[in-house]
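Mind the numbering: the sequence shown is residues -27 to -1, 1 to 441 in mature numbering (1 follows the signal peptide of the UniProt record, and there is no 0), read in order. Cβ coordinates follow ideal geometry from the N, Cα and C atoms, glycine included. See below for the structure under consideration.
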Amino acid sequence: MWGTTALLSCSMCSLFFAASHFQYVAAAAAATPTFFPQAFLFDWNPPGTTIPIPTTEQCETLHITWERGSTGVGPNPIGPYYLQIFTSIYAVPLIIPAGGGPTFDYQVPFSPGTQYQICMVDSTGQASGGCQDLYTVIPNSSATAQNPATCKNVTLPTSSLQVNAAVVNGAFSTYGWVPQCTDIQVQAKNGTGPYTLTVLPTLHPPLNITSSGSINWTVSLTHGFPFFISVTDSQGNSWAQGPLHSGDNDDTACLNTNHSPDGQSSSSSVVPAAVGAGVGGIVVGLLAGAFGILAFLRRRGSNRNVHRQDLMRDSQTSSNGPQSPREISATGRTVNMAGGSGLEYIVEPFAMPSTMPSSSSSDPSVPLLPGGMTSPTTASPPDAASASGLSDPADQSARRTNVYVVHHDGGRAPVTVYTEEGAEVVELPPRYPASSTSGPSESETSRETNRRRQPGATPRKSQGPRST
């Protein structure tokens, strides 16, 4: 329940409105409406608060402190100070004297669900502390049905103004959303002029426009920005509405960088500077991209040169001779490999098919071709390269000549020799197994050994492999 103590006496009302009138006259003398400078700062957040929560409990006491600080601009504030409280439930502002400061305790008397905004001004009306955020009253956490929250009573002014307000998108609403960059028009129906329209955005100093007739203000706030408006005559009678909000609109010309927050044009050099900065950024970006591409291409070319030098060095190393040889056993042969720069490859050496063992046709382990022909053998003697197993296969195939030796049975000459190129062949006597009962005599063997024969025509083979 609320008590009966009045918040504001009539004499205090006259004092504040007299100070406010000086403020309005000073604003009217200005050529264009502007927001007041932030002359001092105030809040009621406990020490150490990082992000204030815009709620207060019913009958909660706010410990308000203020100071000019290092960020204060404009005229120095002069006490006593006053709180201007705008609410969602009253059509008039509440004026609360706060004394000489720099602290003041205020108990929030509003019912739960009420939205309110507190602004602060000095005794001259020339130094503004700006406005705080929009707060919402919530139920008192310690109140019960048997012990409800108790606050001081709210005393409203005895007289108020009657004001007509209009917006471009229809009837004016206390909690309406007025499209940004459109006008709000107010006109007092009673009271004594001149009249002053005050616009009070949250977290911002207020703006005043004074006129003897109707007053228009262009909503130059960003979309969703909350604010209150108030009209006061020269006698201190007042009217207030809110919280209002800046609505969405396709026309945002009043929010351009060449406009001030109150809709008035500022320096025309802002737009050329912005354009110049944009062009400069594009040029810098293009140059940075060009340098990046050039560095990439140069690095890529350097890598190619290094690779080419490595290949040339490897070629020279292999031509000069093997380094750090390694012996790798492959297919029963020893192969020397040159290792260099850690690049070693295990190569399986190419070897021609092995020749048949030197044995006579009577050896049962040697298969005979059709017609008593044995497998072909080579007549070229092995050289040093072939003995080591590393002779060039192409050279071997060029030097190798195929020889065909045909053994005959049944009383014919024991051996007939055929060659591809007509080379002379010295025939050797065949070797027979020790167990054989028949064989050539020693004289026949000697005679066959010393006898040379001329090669005959090459017979046609029906099947069998041919060494290449």
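Does VAL257 come out as helix, strand or coil in the three-state DSSP assignment?
The count along the sequence shown starts at 1 and reaches residue 257 at position 284. Looking at VAL257 - three-state DSSP - the assignment turns out to be helix.
>> If the criterion is Cβ atoms closer than 7 Å, does the pair THR87 and THR60 meet it?
In response: Translated into the one-based positions of the sequence shown, residue 87 becomes position 114. Translated into the one-based positions of the sequence shown, residue 60 becomes position 87. Yes. Within cutoff.
Requested in this report: Taking only the alpha-carbon atoms, compute the straight-line gap between PRO354 and THR392 and give it to the nearest angstrom.
Outcome: What you label residue 354 is simply residue 381 of the sequence shown in a count that begins at 1. What you label residue 392 is simply residue 419 of the sequence shown in a count that begins at 1. Model confidence at PRO354 stands at a pLDDT of 47, short of 50, so the residue's coordinates are unreliable; what they give is reported in the following sentence. Distance between the alpha carbons of PRO354 and THR392 is about 16 Å.
Rounding to the nearest angstrom, what Cα-Cα distance links GLY72 and TYR55 in this structure? Indexing the sequence shown from 1 puts residue 72 at position 99. Indexing the sequence shown from 1 puts residue 55 at position 82. One C-alpha to the other measures close to 7 Å.
Limits of the unbroken beta strand (DSSP E) element including ASN181 | In the sequence shown, residue 181 corresponds to position 208, counting from 1. DSSP places ASN181 inside the beta strand (DSSP E), whose first and last residues are 180 to 184.
### Query
Using DSSP with H/G/I as helix, E/B as strand and the rest coil, what is CYS124?
Locating residue 124 in the sequence shown gives position 151, counting from the first residue. Strand, per DSSP.
In whole angstroms, what separates the C-alpha of GLY220 from that of GLY45? Numbered from its first residue, the sequence shown carries residue 220 at position 247. Numbered from its first residue, the sequence shown carries residue 45 at position 72. Answer to the nearest angstrom: the Cα atoms are 31 Å apart.
State the DSSP-derived secondary structure class of GLY215, mapped to helix, strand or coil.
Here residue 215 is taken as the residue at index 242 of the sequence shown, counted from 1. Residue state, collapsed to three classes: strand.
**Message:** For a minimum of 3 consecutive residues, which ranges assigned as the beta strand (DSSP E) are wholly contained in the stretch 113 to 164?
**Reply:** 136 to 140, 150 to 152, 156 to 161
Note to self: Using 7 Å as the threshold, is the C-beta distance between ILE111 and TYR79 below it?
What the structure shows: In the sequence shown, residue 111 corresponds to position 138, counting from 1. In the sequence shown, residue 79 corresponds to position 106, counting from 1. Result no, Cβ atoms of ILE111 and TYR79 do not sit closer than 7 Å.
inquiry  = For CYS124 and THR34, I'd like the C-alpha separation in whole angstroms.
reply    = Here residue 124 is taken as the residue at index 151 of the sequence shown, counted from 1. Here residue 34 is taken as the residue at index 61 of the sequence shown, counted from 1. Distance between the alpha carbons of CYS124 and THR34 is about 10 Å.
query = Contact between the stretch 139 to 149 and the stretch 203 to 213: three or more CB pairs below 8 Å?
reply = no
**Study point:** CA-to-CA distance, ARG273 to ASN222, given in whole angstroms
**Key:** As a first step, residue 222 is located in the sequence shown; it is residue number 249 there, counting from the start. As a first step, residue 273 is located in the sequence shown; it is residue number 300 there, counting from the start. Between ASN222 and ARG273, the C-alpha separation is close to 54 Å.
Quick check on DSSP: helix, strand or coil for ALA71? Indexing the sequence shown from 1 puts residue 71 at position 98. If DSSP states are grouped into helix, strand and coil, ALA71 belongs with the strands.
*Around the Cβ of SER193, are there at least 16 other Cβ atoms within 10 angstroms (buried) or fewer (exposed)?*
Within the sequence shown, residue 193 is the residue found at index 220, counting from 1. Classified as buried, SER193 has 16 or more neighbouring CB atoms from the shown chains inside 10 Å of its CB.
field: THR205 beta carbon less than 7 Å from that of THR169
entry: The residue you call residue 169 lines up with position 196 of the sequence shown. The residue you call residue 205 lines up with position 232 of the sequence shown. Against a cut-off of 7 Å, the Cβ pair of THR205 and THR169 comes out as a contact.
> So residue 442 and PRO178 are in contact, right, with Cβ under 8 Å, and what is the actual spacing, rounded?
Replying inline: Nothing can be reported for residue 442, as the shown portion of the chain is limited to -27 through 441.
Task: Assumed close pair ALA122, GLY47 - CB separation to whole angstroms, cut-off 8 Å - done: Within the sequence shown, numbered from 1, the residue matching residue 122 stands at position 149. Within the sequence shown, numbered from 1, the residue matching residue 47 stands at position 74. Contact flag wrong, Cβ pair sits at about 39 Å.
- What residue does the beta strand (DSSP E) around ASN189 start on, and which one ends it? What you label residue 189 is simply residue 216 of the sequence shown in a count that begins at 1. ASN189 -> beta strand (DSSP E) spans 188 to 191.
| query | My guess is that GLY166 and SER207 are in contact by the Cβ rule of under 8 Å, so how many angstroms apart are they, rounded? | reply | Position 193 of the sequence shown, counted from the first residue, corresponds to residue 166. Position 234 of the sequence shown, counted from the first residue, corresponds to residue 207. Indeed, because the Cβ distance is near 6 Å, the residues count as touching under 8 Å.
**Message:** What does DSSP give as the partner residue(s) for LEU35 in the beta ladder?
**Reply:** Taking the first residue of the sequence shown as position 1, residue 35 is located at position 62. For LEU35, which the question treats as bridged, DSSP gives the partners TYR79.
Cut-off 6 Å between Cβ atoms - residues of its own chain near TRP150, not counting five sequence neighbours on either side: By 1-based counting over the sequence shown, the position of residue 150 is 177. Contacts found: HIS218, GLY220.
CB of ILE91 within 7 Å of CB of ILE58, strictly: Position 118 of the sequence shown, counting from 1, holds the residue named residue 91. Position 85 of the sequence shown, counting from 1, holds the residue named residue 58. In this structure, ILE58 lies closer than 7 Å to ILE91 by Cβ.
Checklist entry - Within this structure, are the beta carbons of LEU134 and ALA161 separated by less than 7 Å? => result Position 161 of the sequence shown holds residue 134. Position 188 of the sequence shown holds residue 161. Yes. Within cutoff.
Please report whether the beta-carbon of GLN153 lies at a distance below 7 Å from any beta-carbon of chain D. Absent here is chain D; the protein component of the structure consists of one chain.
Rounded C-alpha distance that separates SER241 from LEU173: As a first step, residue 241 must be located in the sequence shown, where it is residue number 268. As a first step, residue 173 must be located in the sequence shown, where it is residue number 200. With a pLDDT of 37 at SER241, under the threshold of 50, the modelled position of that residue is not reliable, and the figure given next carries that caveat. So the alpha carbons of these two residues sit roughly 27 Å apart.
>> Quick check: what's the CA-CA separation for PRO130 versus VAL65?
In response: By 1-based counting over the sequence shown, the position of residue 130 is 157. By 1-based counting over the sequence shown, the position of residue 65 is 92. So the alpha carbons of these two residues sit roughly 8 Å apart.
Could you have a look at GLY103 and say whether DSSP puts it in helix, strand or coil?
For the purposes of this step, residue 103 is taken as the residue at position 130 of the sequence shown. In the three-state DSSP reduction, GLY103 falls in the strand class (E or B).
Inset, instruction - Can you give me the start and stop residues for the beta strand (DSSP E) that PHE201 sits inside? - result: Here residue 201 refers to the residue found at position 228 when the sequence shown is read from its first residue. PHE201 -> beta strand (DSSP E) spans 199 to 205.
Tell me which residues share the same chain as TYR63 and place their Cβ nearer than 7 Å to its Cβ, disregarding the 5 neighbours each side in the sequence. Here residue 63 is taken as the residue at index 90 of the sequence shown, counted from 1. Contacts found: LEU129.
Boundaries (first-last residue) of the beta strand (DSSP E) holding ILE24: Within the sequence shown, residue 24 is the residue found at index 51, counting from 1. Unbroken run through ILE24: none, as it is neither H nor E.
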